[in-house]
Amino acid sequence: MRKSLIAGNWKMYKTPGESVEFVKSLIENVGNHTDRDILVCPPFTSLHAVSRILSKSSIKIGAQNVHFEDEGAFTGEISTKMLIDIGVEYIICGHSERRNIFGESNQIINKKVKKVANAGMKPILCIGEKIEERERRKTFDVLRTQLQESLDGFKDTSLLTIAYEPVWAIGTGKNATPEQAEEVHLFIRSVIEKMFNKNVSDEIQILYGGSVKPDNIDSIMKMQNIDGVLVGGASLKVDSFCRIINYKI
Ligand code: 13P
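Start counting at 1 in the sequence shown, then tack on 1, and there's your number in our numbering.
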């Protein structure tokens, strides 16, 4: 059976010093797990220091964004080459905050996921509908387009993780119900199986993200097609993140 993946996206929180304190405490408190992987995605400025500490543990490290070129005149950007060098394994691509605040299109995200996989790293492709799209019953159309355009020409399914993050559930305290998420995860799996023309359920993990908390993690992880979670706010405190990691089904 595939391992589950419990990932924390710290967004623009924690200085390098705070990040180091956090991961030291996480290592002490997290316990041993053979059936689940744990991932933290700190801001760029914390990656190097956190990576050094995590190299002695089984906790994995990811970045929240990347540029699709190796190097060049791209002021303010960071490349896969730089991230590999400091031990980063996963990269979140196309988070809804990147799409909606910074204008990233499916075409840009497509270049990023391909670049990440070409570099031998693991992209976590985020997709999700807005509330008005759900209300107009456009959820499946939006997600299908995001998948098809963001994964156009993508081949390395063994490196790919998908995160379903309904925009209306992010940071709102209003999570999708486990049944709503399960229905969408089943749909996502059917779309990617058609796209890649094979059974990908042993390769591609599909995570749920959006107001995941200690009090809803157990019911979310009980769903058969939910392979893990991408957690924002509740991943910023060691006790709540550990409770999420220690989910019981
Ligand atoms: P919250 O868990 O704070 O809702 O954020 C979810 C998210 O955006 C993770 O990438």
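Don't be surprised by glycine CBs; every beta carbon is placed ideally from N, CA and C.
Using a cutoff of 7 angstroms, the CB of L6 does not count as near the ligand 13P, since none of the ligand's heavy atoms is closer than that.
K123 is bridged by DSSP to Y91. Counting only runs of 3+ residues, the beta strand (DSSP E) found wholly inside the region 192-224 occupies 206-210, in chain order.
Sixteen is the threshold: since fewer than 16 other Cβ atoms of the shown chains lie within 10 Å of the Cβ of M13, the residue is exposed.
Of the residues G129, K25, M83, the one whose Cα lies closest to the Cα of S151 is G129. If you draw a straight line from the Cα of T158 to the Cα of S56, it comes to about 26 angstroms. Where I62 is concerned, the enclosing beta strand (DSSP E) starts and stops at 61-64. Taking C-beta atoms as the reference points, L84 and I93 fail to come closer than 8 angstroms. Residue environment analysis places R138 among the exposed positions, since fewer than 16 neighbouring C-beta atoms fall within 10 angstroms of its C-beta. Here the alpha carbon of G88 sits roughly 6 angstroms from the alpha carbon of S52. Counting other Cβ atoms within 10 Å of its Cβ, F75 stays below 16 and is therefore classed as exposed. A heavy atom of the ligand 13P is found nearer than 7 angstroms to the CB of E166. It is roughly 16 angstroms from the alpha-carbon of G77 to the alpha-carbon of G104. Positions of the alpha helix (DSSP H) runs, each at least 4 residues long and wholly inside the region 99-123, are given as 107-119 in order along the chain.
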